[in-house]
Amino acid sequence: MNLFNFQCDILKIMSKEQHPYIELFDYHENWKYLIIGTFPPNKEVRKNKNSVTDYFYGNKNSLWKIIQSIYPEFDFQKGSRDNLKNEMIRWQNKYSVGITDTIVSLKRSDIKSSADGDFILEWEDYNQDLKPYILNNIENIEKIFFTSSKGCNSAFETFKIIMGEEINSIPKTKLTTSLPSPSGSSNTAWFNYNNDDTLGLHPDFYNFILNKKKQHIEFFKERWSKKKIKKANKSKDALPKTPPGLVTAFKKYSYKKEFPEQRT
Numbered sequence: 140m141n142l143f144n145f146q147c148d149i150l151k152i153m154s155k156e157q158h159p160y161i162e163l164f165d166y167h168e169n170w171k172y173l174i175i176g177t178f179p180p181n182k183e184v185r186k187n188k189n190s191v192t193d194y195f196y197g198n199k200n201s202l203w204k205i206i207q208s209i210y211p212e213f214d215f216q217k218g219s220r221d222n223l224k225n226e227m228i229r230w231q232n233k234y235s236v237g238i239t240d241t242i243v244s245l246k247r248s249d250i251k252s253s254a255d256g257d258f259i260l261e262w263e264d265y266n267q268d269l270k271p272y273i274l275n276n277i278e279n280i281e282k283i284f285f286t287s288s289k290g291c292n293s294a295f296e297t298f299k300i301i302m303g304e305e306i307n308s309i310p311k312t313k314l315t316t317s318l319p320s321p322s323g324s325s326n327t328a329w330f331n332y333n334n335d336d337t338l339g340l341h342p343d344f345y346n347f348i349l350n351k352k353k354q355h356i357e358f359f360k361e362r363w364s365k366k367k368i369k370k371a372n373k374s375k376d377a378l379p380k381t382p383p384g385l386v387t388a389f390k391k392y393s394y395k396k397e398f399p400e401q402r403t
């Protein structure tokens, strides 16, 4: 890398990104449900990932794929960028689901990273408009869904920073922090629990397998056994691959339990 490129990279790191969609949240609407995330990927990363539309979660469309599987009368896969955004807003209006983020601007320790852990935040970077909206509408709000809850920069943790002591005025039954992240990059987390009782699986994923996909229990017993042997022998052997579609089915099941019921 030459000096010029190095200096350009430093300047990019120091530049503060502005949230591209944050102003699209309608504060005049008394939403019954809220989906709260953190901040979209860097603009250049969104371009490279062939984003679907310029809207919340439009970069990889993973959340909208889950939503479409629950509400098949909506199509978030086909059409122009504007048409897809309008379809997303139509779903929001029908089911009274507001979507916003906790961060309005930031710097990143790695400009190519979309991980919350790489956010560099100051107080001015937090979405200060969110707190009065929540407090003024808490009676009408039925559920607040967070797209992440682990780590100091997760959606839930940054929401707590914004709310301060007033977080205690929100009934805990209205705060949903257990939904699996829609991002595919988070999928490995469901298989990395060192717990014999759950066969090395996250408890929520294990209970889903046990109650909804019991035919796969023997597979995960065998996989867990091989994983322990692999660890003991410090082997590099690959573990059996999870049956296709299983994690997707788990995410759909988890969101469907919490999201508003489908209406005709």
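Under my numbering, think of the first position of the sequence shown as 140, with each following residue one higher. Every residue gets a Cβ at the ideal spot worked out from N, C-alpha and C, and that includes glycine. Small disclaimer: the values here were computed from a predicted structure and weren't measured.
- With 16 or more other Cβ atoms inside 10 Å of its own Cβ, residue 294 counts as buried.
- Taking a contact as a CB-CB distance under 8 Å, the pair residue 176 and residue 327 does not count as one, their CB atoms being some 20 Å apart.
- Residue 198 sits away from residue 255, with the two beta carbons spaced by 7 Å or more.
- Counting of Cβ neighbours within 10 angstroms places residue 364 among the exposed residues, the total staying below 16.
- Look at residue 250 here: in three-state DSSP terms it is coil, with no helix or strand label.
- Counting along the chain, the unbroken alpha helix (DSSP H) around residue 221 starts and ends at 220-234.
- Here residue 401 carries a coil assignment [DSSP, helix/strand/coil].
- Given a length threshold of 4 residues, each whole run of the alpha helix (DSSP H) inside the segment 364-401 is given here in chain order: 385-397.
- Within a 10 Å sphere around the beta-carbon of residue 162 sit fewer than 16 other beta-carbons, which makes this residue exposed.
- For residue 172, the enclosing beta strand (DSSP E) stretches over residues 172-176.
- Taken through DSSP and simplified to helix, strand or coil, residue 197 comes out as coil.
- Per DSSP, reduced to three states, the secondary structure at residue 354 is helical.
- In the structure shown, the three-state DSSP call for residue 282 is strand.
- Between the segment 277-285 and the segment 244-262 there are fewer than three C-beta pairs closer than 8 Å, too few to call the two in contact.
- With fewer than 16 other CB atoms across the displayed protein chains lying within 10 angstroms of its CB, residue 376 is exposed.
- Look at the segment 298-355 and you find these whole runs of alpha helix (DSSP H), each 4 residues long or longer: 342-351.
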